[in-house]
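S.K.: One point on numbering: in numbering that gives the first Met the number 0, the residue at position 22 of the sequence shown is 21, and numbering is uninterrupted.
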Amino acid sequence: MEKKRTKKELEEEIKTKNKEIKELRNKYLMALADLENYKKRAKKESGEFMKYANERLLKELISVVDNFERALTVKHSNNDFSKGIELIYKHLLNVLKKEGV
């Protein structure tokens, strides 16, 4: 048989439950704030990663551009020019392949 509880016991239980609810709500709000901060940090880090990844690719491509400029300044027969352009093309393909493009 269930024991009857007094009004004071019930009020005490309500007080305890309200305290638990308040603590859980605070934990929830803190977890929610942590999640939002994580999302912001992840977005920022992703942007920085892309910036530096693109920077690295562009630095690699500068050497390819330099080779094109050298090939354009050479005043040799068409065969030599064609070979130079072919070498530069292969270099460009290697750089792009290395970068996963």
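Beta carbons: idealized from backbone N, C-alpha and C, even for Gly.
Rounded to a whole number of angstroms, what is the C-alpha to C-alpha distance between L60 and R40?
M.R.: As a first step, residue 60 must be located in the sequence shown, where it is residue number 61. As a first step, residue 40 must be located in the sequence shown, where it is residue number 41. When rounded, the distance between both Cα atoms is 30 Å.
S.K.: Using 8 Å for Cβ pairs, my map puts G83 next to V73. What's the rounded Cβ distance?
M.R.: Reading the sequence shown from its first residue, position 84 is the one you call residue 83. Reading the sequence shown from its first residue, position 74 is the one you call residue 73. The pair is a contact, with the Cβ atoms about 6 Å apart (cut-off 8 Å).
S.K.: Taking R40 as part of the alpha helix (DSSP H), name the residues at either end of that continuous run.
M.R.: Start at 1 with the first residue of the sequence shown, and residue 40 comes out as number 41. It spans K6 to T72 - the alpha helix (DSSP H) in which R40 sits, taken as one unbroken run.
S.K.: Which class does K96 belong to by DSSP, given the choice of helix, strand or coil?
M.R.: By one-based count along the sequence shown, residue 96 stands at place 97. If DSSP states are grouped into helix, strand and coil, K96 belongs with the helices.
S.K.: Throw me the rounded Cβ distance for the L56 and E98 pair, which I believe falls under 8 Å.
M.R.: In the sequence shown, residue 56 corresponds to position 57, counting from 1. In the sequence shown, residue 98 corresponds to position 99, counting from 1. Correct: roughly 5 Å between the Cβ atoms.
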